[in-house]
Amino acid sequence: MLEYLVCDTCTATISTANSVCEFCGSDYRHGGSSGEILRLVDELEKKLFTTDISELLNYISKSKYKNHPAILFRKAKALLLDYMTNDGVLSAGEFCEVIKIVNDISKISEDYWTEFVLYLTVFFPTSHTTLYIDDFKATCTFLKSINRDLDKVIETKMIQQVIMSEAGLTFYKEYLFYSDQKNYINNNDFIQKKQHLIDKFEKYKNSILNQISN
């Protein structure tokens with residue numbers, strides 16, 4: 010992922026794709042504010058899944074680099090985890106707050122948005138949070154207002170999350186198992202069960218899509 014820093018030696022804007030400043034040749038990765046930001050980024054990435062999220066967010070808030078895009082991106086990732094797990098419900102307000110942070114910093118590097126979407130596909134759907142249809146609709150409206158998710162990757166993952174929230178983890182696990190071709194068994198019981206689960210999933214999906222179109 011491409012990120013951008015300011016070289017302390019010549020004040021040029023530099024890409025992390027380069028090991029040294031392309032303008033003056035200085036080793037920006039190991040000195041000055043740019044080096045401090047990169048070390049903080051590494052630290053935050055390591056702590057994201059090993060440290061209490063509220064403690065991590067508090068740590069970020071006290072950093073002098075808290076408003077740097079590289080740090081804001083890690084804050085957005087931590088916020089999403091916090092909002093998904095703190096009360097077991099991901100509200101539209103919470104989700105849109107995270108999306109707005111990433112959208113804003115993506116004006117500097119579009120890689121932030123691309124990485125964020127990949128991040129979402131890893132976490133959705135999950136049994137650790139609930140996404141209600143009204144929050145799903147509001148989030149879709151916000152994404153449309155900022156001209157994002159045109160390929161509907163986030164919408165698709167949110168639909169899956171709403172289905173899991175409504176139908177339950179057991180159903181969703183069965184649906185994934187039976188719809189995976191590598192688990193196919195050529196007998197009537199398996200085929201009938203598979204079709205039942207697929208029909209039920211499609212019914213949920215169509216119902217959700219009908220609700221957001223009205």
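If you use my numbering, the sequence shown corresponds to residues 10 to 223, in order. Glycine included, each C-beta is placed from N, C-alpha and C at the ideal position.
Please work out which residues of its chain come closer than 7 Å, Cβ to Cβ, to residue i, disregarding the five sequence neighbours upstream and downstream, and give them in chain order.
| i | result |
| --- | --- |
| K56 | L65 |
| K86 | L57 and Y128 |
| T94 | H137 and T138 |
| I163 | V126, L129 and L152 |
| E124 | M10 |
| V171 | L140, I142, F145 and I217 |
Beta strand (DSSP E) containing residue i: first to last residue?
| i | result |
| --- | --- |
| S24 | T22 to S24 |
| Y13 | Y13 to V15 |
Residue i lies in the alpha helix (DSSP H); which residues open and close that run?
| i | result |
| --- | --- |
| G34 | Here G34 belongs to no alpha helix (DSSP H), and DSSP marks it neither H nor E. |
| F58 | Neither: F58 is in no alpha helix (DSSP H) and is coded neither H nor E. |
| M173 | V162 to A176 |
| G97 | Element bounds for G97: n/a, residue is neither H nor E. |
| L127 | D120 to F132 |
| Y213 | N197 to S222 |
| S63 | I62 to S70 |
Helix, strand or coil for residue i? Go by DSSP, reduced to three states.
| i | result |
| --- | --- |
| T139 | strand |
| D189 | coil |
| L88 | helix |
Taking the alpha carbon of residue i as the reference point, which residue from the options has its own alpha carbon closest?
| i | options | result |
| --- | --- | --- |
| A101 | L47, Y141, K209 and K116 | Y141 |
| I80 | I194, T135, M93 and I69 | I69 |
| F186 | A176, S174 and K203 | K203 |
| A147 | K161, V171 and C105 | C105 |
| T179 | D158, Q220 and F210 | F210 |
| Q169 | F151, T139 and Q190 | T139 |
| K212 | N197, K161, E175 and K191 | E175 |
| R83 | E52, E164 and D208 | E52 |
| S42 | K161, L14, S35 and S222 | L14 |
Could you pull out every residue in the same chain whose Cβ sits closer than 6 Å to the Cβ of residue i, ignoring the five residues on either side in sequence?
| i | result |
| --- | --- |
| I155 | N112 |
| Y92 | L99 and E103 |
| L152 | D158 |
| F132 | none |
So, at 8 Å on beta carbons, what are the nonlocal neighbours of residue i in its own chain, with the 5 sequence-adjacent residues on each side left out?
| i | result |
| --- | --- |
| H77 | I46 |
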